[in-house]
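Residue numbers (this note's numbering), protein chains in the order written: chain W, 1 to 408; chain S, 1 to 408.
Ideal Cβ positions, reconstructed from N, Cα and C, are used throughout, including at glycine.
See below for the structure under consideration.
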DNA sequence: CGAGATTTGTTGTATGGATGAACTTATGCG
DNA sequence: CGCATAAGTTCATCCATACAACAAATCTCG
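Here it is, written out as structure tokens:
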């Protein structure tokens with residue numbers, strides 16, 4: 001954690017990052033693609049400096065120059081800068097309780113390839129499942145330009161790295177999964193097993209992270225337009241995942257285990273998961289555990305007392321747990337993800353009421369409860385974005401240095 | 001939150017901070033005062049660069065050159081560098097439920113002046129109390145060299161700034177106290193009232209912060225020797241304060257309100273404060289509310305069942321609340337402060353047991369429960385250190401530029 | 001006791017990145 | 001067609017750090 005000394009190169013690295021971020025973020029906020037001059041004005045850097053930096057970024061495919069659009073004003077038309085498509089991409093994989101998948105996302109946030117397999121992975125064999133995932137990863141990457149048999153006209157896609165989302169506690173430095181209660185996995189050498197079945201992951205050791213953390217990252221990305229977001233993300237799945245987002249950044253804690261909300265004690269020794277987890281709700285509503293959340297929604301819509309009571313109990317427990325979190329973290333915004341997003345009609349109002357009643361700072365900064373915008377596969381996108389975030393944080397590592405001479 | 005562009009000056013600022021920190025931190029870790037060469041080796045900067053930076057810092061009184069000690073090795077003897085005494089200092093004030101005080105601390109962490117007044121400030125009049133504090137502040141600063149009537153041989157102490165610790169929710173940008181339940185204060189224009197009674201605070205608008213946050217900062221400072229500390233600080237007072245320390249830094253949240261632990265719901269709707277607050281414990285033990293914590297300790301030592309039960313209930317509630325916090329934040333270390341420090345004999349074991357049982361990551365990173373090392377007045381020290389921390393973060397703002405020419 | 005070894009701190013010179021002003025390019029407008 | 005306007009580039013300058021050579025102050029060993 002010792003801060004490193006700043007040499008001159010650090011300056012360039014820093015400013016390169018600022019320029020790159022400025023270009024990539026423009027699209028997110030709905031702003032038109034900025035020109036070099038716009039970037040200079042926005043960042044406070046000199047035009048000459050920005051020009052030099054942009055040229056480097058363009059040469060390495062980290063920034064794309066668009067066609068000059070017919071301008072309305074006088075003056076030389078600007079060259080719009082934007083996130084490039086298909087130059088640099090990252091891979092986000094996921095193993096969850098009921099599905100398995102891979103996504104490859106590029107700097108423009110376009111999904112280049114996607115593979116998803118549904119199944120029931122509770123109590124599954126880690127080696128077998130990870131072998132399947134490894135094959136899926138290699139298959140997906142094989143479909144990328146420049147990686148499969150075909151090398152078309154365009155440049156090949158560079159792969160910046162890979163990540164893997166898991167529904168449990170992860171040791172990201174060792175590349176192992178410590179504990180995933182709902183998968184029934186414990187102390188699994190995930191990185192090692194994946195390296196056996198996937199040449200891609202052998203070359204790009206995946207960044208392991210918690211599924212909720214990565215889903216929250218995708219969610220934060222979707223909310224960039226509203227400014228840097230701070231919120232608590234609660235993801236109802238078979239278990240309950242949680243994540244903390246501060247100023248658009250995931251707060252993972254020392255080991256990346258922060259956000260563990262499901263095991264919060266809410267009342268008389270019961271944990272949140274035992275009251276508001278999917279299995280618990282279904283059982284309380286008298287429904288089959290395997291059925292999923294749709295029957296519960298139907299029953300509630302039909303006015304079944306057991307279903308309504310189950311949802312009310314879950315909402316109360318969620319409200320208590322989240323009030324504690326909001327008081328502790330001074331983050332007044334809650335986002336409901338996973339199956340909670342689908343149950344939001346029944347959960348939102350009572351949770352908000354609980355927050356309003358219990359949050360000490362409520363009178364000055366009213367709490368909010370929102371529904372996640374990311375879809376089911378948010379964690380894969382979030383994982384890819386986490387890797388791309390490393391690129392933005394350290395752009396010079398991804399620059400391709402060209403020869404000074406170079407006559408065509 | 002937009003990151004500013006790095007000009008060349010930023011480089012210098014950054015490196016100046018690194019060098020300053022290296023010198024100031026050396027004492028904390030028990031290392032001998034480093035020489036310029038030591039700093040260069042430790043930071044990775046060139047000797048020439050360090051020399052130039054150190055010279056600036058010395059000229060402005062941010063670093064002190066000690067007498068060369070007779071060395072044991074060959075070579076030119078080194079000039080030891082250390083934190084200077086009495087050159088630059090910060091003021092930490094505090095209003096709490098049962099006392100009121102000021103401390104002035106310099107860069108060497110020496111307490112230059114201290115004033116404390118004991119009293120009962122529950123339900124007090126804010127204007128009167130703050131007038132009293134303002135007078136106390138001016139009195140304390142008047143006793144500093146160069147600020148009172150006397151201007152002795154040495155240079156005057158420069159005051160870097162002031163801070164004020166309050167047991168409640170604070171709006172630090174507006175300089176107001178929003179809510180302090182145990183003082184009975186609400187929406188008080190603290191900065192405005194203090195400016196009336198204190199010329200010092202008129203010149204140095206105090207940084208308002210939560211008492212527990214600042215006490216935790218002092219605690220983190222005392223633990224620097226063990227490396228950057230991450231812990232949850234629980235301070236038992238009339239109410240219950242809490243603070244989160246991450247890598248030696250206070251996590252205050254968006255508005256500085258994070259750490260609010262006392263209003264956590266622990267069981268059947270009761271909050272932690274209602275079970276483990278000082279008043280609640282005393283009542284449960286059948287003791288007088290005004291008595292303070294000593295009678296409770298005596299009763300427990302005598303084996304009184306009511307006292308033991310009160311402590312046990314408090315410990316259980318604390319254990320549950322802290323388990324939730326540890327699971328949420330991935331910070332496995334708890335420090336008991338305030339009156340909890342004195343009750344630690346009775347609280348520590350059961351709290352640790354609760355953590356061990358409930359913390360999901362416990363098997364891999366065992367939780368710990370520690371007793372605070374800071375004394376009663378930790379918040380004042382912490383407040384002063386917070387201000388000094390700003391100096392270290394931006395040293396160039398505190399440099400005194402000398403004329404190039406200067407013949408004596 | 002003196003020459004060499006050793007380590008600290010300082011004094012140039014070189015390097016690399018940002019800056020600002022002048023210049024070129026490309027457009028709209030009258 | 002000339003002028004205004006704005007984008008992007010070129011170039012001399014500045015500034016902080018690096019590197020190397022040097023001066024200073026002490027120990028060590030013959």
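Considering only residues of the same chain and omitting the five flanking positions on each side of residue i, which have a CB-CB separation below 7 Å?
i	result
residue 392(W)	17, 20, 21 and 24
residue 266(W)	272, 275, 317, 320 and 321
residue 76(S)	none
residue 115(S)	101, 102, 136, 139 and 140
Out of the options, point me to the one whose CA is closest to residue i's CA.
i	options	result
residue 52(W)	146(W), 284(W), 36(W) and 276(W)	36(W)
residue 332(W)	15(W), 237(W), 358(W) and 366(W)	366(W)
residue 261(W)	74(W), 328(W), 199(W) and 300(W)	328(W)
residue 6(W)	45(S), 33(S), 31(S) and 4(S)	45(S)
residue 388(W)	31(W), 92(W), 168(W) and 13(W)	92(W)
residue 226(W)	31(W), 73(W) and 302(W)	31(W)
residue 97(S)	212(S), 162(S), 354(S) and 364(S)	212(S)
residue 207(S)	292(S), 240(S) and 176(S)	176(S)
residue 169(S)	330(W), 374(W), 368(W) and 336(W)	330(W)
residue 118(S)	386(S), 390(S), 377(S) and 398(S)	377(S)
residue 110(S)	28(S), 296(S) and 123(S)	28(S)
residue 210(W)	41(W), 259(W), 74(W) and 70(W)	259(W)
Is it the case that the Cβ atoms of residue i and residue j are separated by a distance below 9 Å?
i	j	result
residue 79(W)	residue 65(W)	yes
residue 351(W)	residue 325(W)	no
residue 137(W)	residue 201(W)	yes
residue 89(S)	residue 104(S)	yes
residue 232(S)	residue 242(S)	yes
residue 338(W)	residue 215(W)	yes
residue 112(W)	residue 106(W)	yes
residue 218(S)	residue 382(S)	yes
residue 278(S)	residue 237(S)	yes
residue 140(W)	residue 102(W)	yes
residue 372(S)	residue 349(S)	no
residue 323(W)	residue 359(W)	yes
residue 180(W)	residue 191(W)	no
residue 307(S)	residue 315(S)	no
residue 163(W)	residue 384(W)	yes
residue 122(S)	residue 184(S)	yes
residue 54(W)	residue 63(W)	yes
residue 400(S)	residue 74(S)	no
Between which residues of its own chain and residue i is the CB-CB distance below 6 Å, once the five residues before and five after are set aside?
i	result
residue 171(S)	178
residue 158(S)	88
residue 194(S)	130, 134 and 201
residue 263(W)	271
What three-state label does DSSP hand residue i in the structure shown?
i	result
residue 18(S)	helix
residue 410(W)	Since the first and last residues shown for chain W are 1 and 408, residue 410(W) lies out of range.
residue 307(W)	helix
residue 185(S)	strand
residue 210(S)	strand
residue 87(W)	coil
residue 226(S)	helix
residue 319(W)	helix
residue 94(W)	strand
residue 330(W)	coil
residue 313(W)	helix
residue 279(S)	helix
residue 193(W)	helix
residue 163(S)	strand
residue 175(S)	coil
residue 101(S)	strand
Suppose the cutoff is 8 Å on Cβ atoms and the five residues either side in sequence are ignored; what does the same chain contact list for residue i look like?
i	result
residue 144(S)	89, 104, 112, 113, 156, 157 and 159
residue 147(W)	141, 156, 157 and 159
Within the region 30 to 88 of chain S, ranges of the alpha helix (DSSP H) (whole runs, at least 4 residues): 36 to 43 and 47 to 59
Runs of beta strand (DSSP E) wholly within the region 230 to 269 of chain S (minimum 3 residues, chain order): 231 to 236, 240 to 246, 249 to 251 and 265 to 267
Unbroken stretches of the alpha helix (DSSP H), 4 residues or longer, contained in the region 105 to 150 of chain W: 126 to 142
Segments of 3+ residues assigned as beta strand (DSSP E) that fall wholly inside the region 334 to 401 of chain S: 368 to 371
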